Amino acid sequence: MHTSEVPRRSFVKKYHIKGMIVIAILIVLFLYSLKICGVDPSLFVSNIAQFGVLIGQMSNPDWSYFSFIWDPLVQTVQMAILGTTIGTIFAIPAAFLAARNLDHSKVVHGTSRFVLDIVRTLPSLLLAAILVAIFGIGPTTGTITLAIFSFGMISKLFYEVLETVDMGPAEAMKASGASIIQIIWLAIIPQIAGQFCSFFLYTLEVNVRSSTVLGYVGAGGLGLYLQQTIDEFNYSETAVVILATFATVLVIDILSNYLRRKLQ
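Here this note's numbering is used: the first residue of the sequence shown is 1, the next is one more, and so on.
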């Protein structure tokens with residue numbers, strides 16, 4: 001009769017030496033980053049009471065101000081919808097070009113990914129500031145900014161999903177002489193259509209929040225009013241802007257979750 005013995009673990013595995021070393025390195029890097037950036041945690045502790053003061057000033061919203069921000073709020077949502085839609089239209093073919101598992105050369109998908117990496121490198125506010133200098137102040141600039149942001153974000157999400165599809169149906173159709181358009185439409189699109197729609201809705205949520213602050217650089221939307229009320233220390237009006245934005249994002253989030261469930 002053989003008795004099972006518990007396998008002996010080495011000293012490194014027994015005391016999780018590798019994990020402890022990784023944690024120690026992360027702690028050292030964190031503390032070093034605080035020193036390099038000049039971050040003083042004591043300032044947060046000493047000024048934390050100011051949060052209470054600010055919240056107290058915003059606890060009595062001036063609801064009459066809502067009539068002034070209704071049109072910019074609608075404009076913000078319109079910018080997000082237009083920007084997301086335009087960006088998605090261009091992101092779909094870009095994603096097919098960037099996916100490695102589809103039948104095209106390394107140069108094609110390598111170049112496509114390089115271009116997409118450049119697009120995603122630019123922060124939205126920096127991109128908006130550049131486009132304001134080109135197209136001027138207004139919602140057109142905000143829409144273009146969101147379209148470029150959506151293009152970079154959605155194309156990456158799309159081609160990552162494309163690389164996970166089952167290529168068996170596509171290979172079978174190719175062997176039977178189907179064209180590339182037929183293969184994409186009948187063998188690939190049905191597998192990822194639900195995820196594509198989910199990514200579109202998620203990007204729309206992100207863009208509604210992003211378009212709120214684009215007004216800081218003159219790209220239209222609600223951000224201009226948010227900046228104005230903060231600069232004038234009218235925190236009761238600032239509260240109205242924040243609550244209106246929160247309500248809008250909440251409604252879009254509820255609708256998005258509902259549509260996602262229907263698509264599954």
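The beta carbon of each residue, even a glycine, is placed where N, CA and C say it ideally should be. Predicted model, so just to flag it, every value in this text is computed and none were measured.
Rounded to whole angstroms, what's the CA-CA distance from residue i to residue j? Just pull it up for me.
{"i": "Cys37", "j": "His16", "result": "32 Å"}
{"i": "Arg261", "j": "Leu255", "result": "10 Å"}
{"i": "Val206", "j": "Leu82", "result": "13 Å"}
{"i": "Leu226", "j": "Ser179", "result": "52 Å"}
{"i": "Phe135", "j": "Thr141", "result": "6 Å"}
{"i": "Asp253", "j": "Thr212", "result": "16 Å"}
{"i": "Ile130", "j": "Leu162", "result": "32 Å"}
{"i": "Val77", "j": "Val241", "result": "14 Å"}
{"i": "Thr203", "j": "Thr85", "result": "10 Å"}
{"i": "Ser67", "j": "Gln228", "result": "16 Å"}
{"i": "Ala91", "j": "Leu102", "result": "16 Å"}
{"i": "Tyr65", "j": "Asn234", "result": "11 Å"}
{"i": "Lys18", "j": "Leu31", "result": "20 Å"}
{"i": "Gly177", "j": "Leu250", "result": "48 Å"}
{"i": "Ile230", "j": "Ile23", "result": "41 Å"}
{"i": "Ser42", "j": "Met58", "result": "25 Å"}
{"i": "Met20", "j": "Leu34", "result": "21 Å"}
{"i": "Lys106", "j": "Asn60", "result": "59 Å"}
{"i": "Asn257", "j": "Arg120", "result": "26 Å"}
Provide the residue span of the alpha helix (DSSP H) that contains residue i, from first to last.
{"i": "Ile117", "result": "Per the sequence shown, residue 117 should be read as Asp rather than Ile. Its alpha helix (DSSP H) spans residues 106-121."}
{"i": "Phe158", "result": "139-162"}
{"i": "Trp70", "result": "66-98"}
{"i": "Ile25", "result": "17-37"}
{"i": "Pro190", "result": "189-213"}
{"i": "Glu171", "result": "168-175"}
{"i": "Pro41", "result": "41-46"}
{"i": "Phe233", "result": "Premise fails: Phe233 is in no alpha helix (DSSP H) and is neither H nor E."}
{"i": "Val132", "result": "124-135"}
Tell me whether residue i, by its Cβ, gets closer than 7 Å to a heavy atom of the ligand SAM.
{"i": "Val251", "result": "What this structure holds is no ligand at all, so the ligand SAM is not there to describe."}
My assumption, with CB atoms under 8 Å, is that residue i sits in contact with residue j. Please give the rounded CB distance.
{"i": "Leu222", "j": "Thr245", "result": "6 Å"}
{"i": "Ile188", "j": "Ala170", "result": "6 Å"}
{"i": "Gly87", "j": "Ile154", "result": "6 Å"}
{"i": "Met173", "j": "Leu186", "result": "7 Å"}
{"i": "Asp62", "j": "Ser236", "result": "4 Å"}
{"i": "Leu214", "j": "Ala133", "result": "Going by Cβ atoms, the distance from Leu214 to Ala133 rounds to 14 Å, so no, they are not a contact pair."}
{"i": "Val165", "j": "Ile192", "result": "6 Å"}
Taking residue i as the reference, which of the options has the closest Cα?
{"i": "Gly218", "options": "Phe66, Phe51, Pro72", "result": "Pro72"}
{"i": "Leu243", "options": "Leu127, Pro41, Ile69, Thr140", "result": "Ile69"}
{"i": "Thr270", "options": "Ile252, Asp231, Gly220, Leu54", "result": "The requested residue 270 does not occur in the structure, where the chain is confined to residues 1 to 264."}
{"i": "Ile266", "options": "Pro123, Val240, Tyr65", "result": "An answer regarding residue 266 cannot be provided, because it is not within the stretch 1 to 264 covered by the chain."}
{"i": "Ala80", "options": "Thr229, Arg209, Gly215", "result": "Arg209"}
{"i": "Gln195", "options": "Leu259, Val213, Ser211, Ala178", "result": "Leu259"}
{"i": "Phe151", "options": "Val108, Ile192, Ala94", "result": "Ala94"}
{"i": "Ala247", "options": "Val74, Gln50, Ile137, Ile23", "result": "Val74"}
{"i": "Tyr216", "options": "Arg120, Thr121, Leu126", "result": "Leu126"}
> Between the stretch 192-204 and the stretch 152-159, do at least 3 Cβ pairs fall closer than 8 Å?
Replying inline: Counting C-beta pairs with one atom in each stretch, the stretch 192-204 and the stretch 152-159 have three or more that are closer than 8 Å, which means they touch.
> Three or more C-beta pairs closer than 8 Å, one from the stretch 91-98 and one from the stretch 110-128: is that the case here?
Replying inline: Two segments are said to touch when three or more pairs of C-beta atoms, one from each, lie closer than 8 Å; by this definition the stretch 91-98 touches the stretch 110-128.
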